[in-house]
Amino acid sequence: MNKKELAKIEAASKNYLHTIEGVQNGHLDYDYGYRCIQNHLTTSLCNTLGFFTGMVSEEALKLPKSKRTKEHAYGMTRLAKDLIAIENPTIDKIKDIILGPNAKYNLTTSEENMILRSNNQDYSTISKLTKI
Numbered sequence: 000m001n002k003k004e005l006a007k008i009e010a011a012s013k014n015y016l017h018t019i020e021g022v023q024n025g026h027l028d029y030d031y032g033y034r035c036i037q038n039h040l041t042t043s044l045c046n047t048l049g050f051f052t053g054m055v056s057e058e059a060l061k062l063p064k065s066k067r068t069k070e071h072a073y074g075m076t077r078l079a080k081d082l083i084a085i086e087n088p089t090i091d092k093i094k095d096i097i098l099g100p101n102a103k104y105n106l107t108t109s110e111e112n113m114i115l116r117s118n119n120q121d122y123s124t125i126s127k128l129t130k131i
C-alpha cells in the first residue's frame, strides 16, 4: 500500500469515527450511518490496487480489464456494519479493521459477482481464481 492510499485510510478513519460515534450515541440513524460508510468503502477507499489480492477468475481473464468487477469476498456492507459495532471506537481500531483481510477484493465477471452474492460467497460456484 502506498503513502497516498494510507493517507486516504487515515482521513476516512477520522470521518468514520464521527459517523460511528453518531450512530452509537443515537444522533445518527443506524441505516444511514452504515450505508454512508459502506458506500465510501466501496466507491472510494477499498477499490485501489493496495486492496487487490492479485486473484482473477478464469472467466474475468477473458474480458477487457475495464469490464472486470471488483468482488469483495467479505462484502463492504458487512465490513461497514463491523465498523459501526466497534466497542470504544478509535481511529486506530478503524484502520486496523480496514487494513485487515476483509477489505481485499478479487476480480470476477459481473455475473460471477452476483452468483457469489446469491451463494454466500461460495467460490466453488464460479470459475477458478488464478493469480496474475
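Residue numbers (numbering that gives the first Met the number 0): 0 to 131.
C-beta: ideal position from N, C-alpha, C; glycine also.
Note that the structure is predicted; figures quoted are calculated from it, not measured.
By the Cβ rule, the region 26-42 counts as touching the region 76-83, because three or more pairs are nearer than 8 Å.
Assigned with DSSP and collapsed to three states, Ser-43 falls in helix. Contact between Ala-59 and Thr-124 fails: their C-beta atoms lie close to 14 Å from each other, not under 8 Å.
With respect to Ser-12, Ile-90 sits close: the two C-beta atoms are nearer than 7 Å. The C-alpha of Lys-69 lies about 12 Å from the C-alpha of Ser-43.
Fully contained in the region 35-113 are the following alpha helix (DSSP H) runs of length 4 or more, in chain order: 57-60, 75-83, 90-98. Contact between Thr-52 and Asn-105 is confirmed by a C-beta separation of about 5 Å, below the 8 Å threshold. Under the three-state reduction of DSSP output, Lys-130 falls in the strand class. For Gln-23, the enclosing alpha helix (DSSP H) stretches over residues 2-23.
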